[in-house]
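Enquirer: One structure, pasted below without further comment.
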Ligand code: GLV
Ligand code: MN
Ligand code: MN
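Residue numbers (this note's numbering): 14 to 425.
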């Protein structure tokens, strides 16, 4: 095996280049799907895959694939990947660290002429975060054949552009989204290396985290519909104020999550006010509830309380509502046998590790519904993520590369 520091150095070079592809220089990394910065990342990733001798292509979801053939043409494929999109003013590691680590895994296997029975395919996925259209996992949903053209046309960003039109603008053909579908019987497994995005590993000084479960996630878009009117001349008892009604609902949400406990979290991180003018009573708000728990029932309780509260507020204020489900993924369980293999590889190198639950969602979450899946976490400094402060050590990522390369070489 190669020197750990050499791998760390390669990872650093990749990540330092990729962090420059941001629309918010100086304020973290912002690389939204189908943006100019996404194009720069796609071109860089494709080029790096080709430089190590992978066969590449870009699918209709905007994902970059790089494939290394195995010795047995009919053997199922090992998929390895993560996402290249980011949140707004996010960090330089979330998602992209898993892609460059996968490129290093493929390079090591190829340069060391490891005889691999299974083909290895890197997938650099697009729009895992889901902040532009409200729906996450653009590529993984495409891999599982779960998009319809109608949905791609319906979901749009705040400027009104649909996913369908964004794909076209990016130079791809949205009508081919169905061609992205994998044959899950022909997939050996899906592997994702990712930063932890939480404090557990860093605070305990543990080098690697073997994910056993990913918390379930549900997202709902709520519209509250009142009546726009003059902020000065409309008496308080004659208003239908969508902002006032929304705050009555939103202010309850944290308490509901705390009452459920067991690590349940609920967030309203996106809200739009219409017409958003300081001297006009708002006629409409639109906001998204993001709710997560390893216990599906706890999420369900919160959604029930939300619906009850919306009804109550409607009857008291006259402000109507619409609630639209955006995302529903059950808690995801990683494959036990493959986790044991990962554990063995950690032991081979003498790395410290622990089993860990993921509160954040990942492509691996959705993929685990249909294929054997594993995730490996590296520590996040001070547990900070979705922030410009996000940081992980290149040596820790290189350890993940070692472990995954070893595990893959020993798969039978
Ligand atoms: C993605 O990072 C998510 O957990 O929302
Ligand atoms: Mn993220
Ligand atoms: Mn991520």
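Ideal placement from N, C-alpha and C gives every residue a C-beta, glycine not left out.
#1: If I follow the unbroken alpha helix (DSSP H) through residue 112, where does it start and stop?
#2: Please list, in chain order, all residues of the same chain as residue 109 whose beta carbon is under 6 angstroms from its beta carbon, the five residues on each side excluded.
#3: Using a 10 Å radius around the Cβ and a threshold of 16 neighbouring Cβ atoms, would you call residue 392 buried or exposed?
#4: Find the nearest neighbour of residue 218 within the set 405, 414, 16 and 415, judged by alpha-carbon distance.
#5: Suppose you measure from the CA of residue 95 to the CA of residue 144; what does that come to, to the nearest Å?
#6: Counting only runs of 4+ residues fully inside the region 45-109, write out the alpha helix (DSSP H) ranges in chain order.
#7: Given this structure, state the Cα-to-Cα distance separating residue 407 from residue 77, to the nearest angstrom.
#8: Considering only heavy atoms of ligand 3, does any lie closer than 7 angstroms to the CB of residue 104?
#9: What's the gap between the Cα of residue 227 and the Cα of residue 99?
#10: May I ask you to report which of helix, strand or coil DSSP gives residue 182?
#11: Starting from residue 333 and walking both ways along the alpha helix (DSSP H), at which residues does that stretch end?
#12: Name all residues in chain order for which at least one heavy atom of ligand 3 lies closer than 5 angstroms to the residue's CB.
#13: What's the C-alpha gap between residue 134 and residue 53?
#14: With distances taken Cα to Cα, identify the nearest neighbour of residue 117 among 420, 411 and 244.
#15: By Cβ distance, which residues of its chain are closer than 7 angstroms to residue 385, with the 5 residues on each side in sequence left out?
#16: Of all the beta strand (DSSP E) runs that stay within the bounds of the region 340-420, which reach a length of 3 or more residues?
#17: Taking the alpha-carbon positions, what's the residue 242 to residue 161 distance?
#18: Which residues in the same chain have their Cβ closer than 8 angstroms to the Cβ of residue 24, if we skip the five residues on either side of it in sequence?
#19: Considering residue 145, what are the terminal residues of the alpha helix (DSSP H) in which it resides?
#20: Could you check if residue 119 is buried or exposed, using at least 16 other CB atoms within 10 Å of its CB as the buried criterion?
#21: Examine ligand 2 and report whether any of its heavy atoms sits within less than 7 angstroms of the Cβ of residue 399.
#22: Since residue 91 and residue 204 are thought to touch, with beta carbons under 8 angstroms apart, how far apart are those beta carbons, to the nearest angstrom?
#23: Residues in its own chain within less than 6 angstroms of residue 358 by CB, not counting five upstream and five downstream?
#24: Does any residue of chain D bring its CB to less than 8 angstroms from the CB of residue 69?
#25: Give every residue of the same chain whose Cβ lies closer than 6 angstroms to the Cβ of residue 211, excluding the five residues on either side of it in the sequence, and list them in chain order.
#26: Please list the segments of the beta strand (DSSP E) lying wholly inside the region 215-266, counting only runs of 3 or more residues, in order along the chain.
#27: Measure the C-alpha to C-alpha separation of residue 57 and residue 186 and round it to an integer number of angstroms.
#28: Given that a residue counts as buried once 16 or more other Cβ atoms are within 10 Å of its Cβ, and exposed if not, what is residue 332?
#29: For the beta strand (DSSP E) holding residue 206, just list the boundary residues, first then last.
Expert: In brief:
#1: 109-124
#2: 31 and 97
#3: buried
#4: 405
#5: 16 angstroms
#6: 49-64
#7: 23 angstroms
#8: no
#9: 19 angstroms
#10: helix
#11: Careful: residue 333 lies outside any alpha helix (DSSP H), inside the beta strand (DSSP E) at 333-342.
#12: 107 and 108
#13: 21 angstroms
#14: 411
#15: 202, 348 and 351
#16: 366-371 and 386-391
#17: 39 angstroms
#18: 110, 113, 114, 117, 407, 410, 411 and 414
#19: Per DSSP, residue 145 belongs to no alpha helix (DSSP H) and is neither H nor E.
#20: buried
#21: yes
#22: 7 angstroms
#23: 416, 419 and 420
#24: Judged by its chain identifiers, the structure shown contains no chain D, having just a single protein chain.
#25: 396
#26: 221-227 and 229-238
#27: 21 angstroms
#28: buried
#29: 200-208
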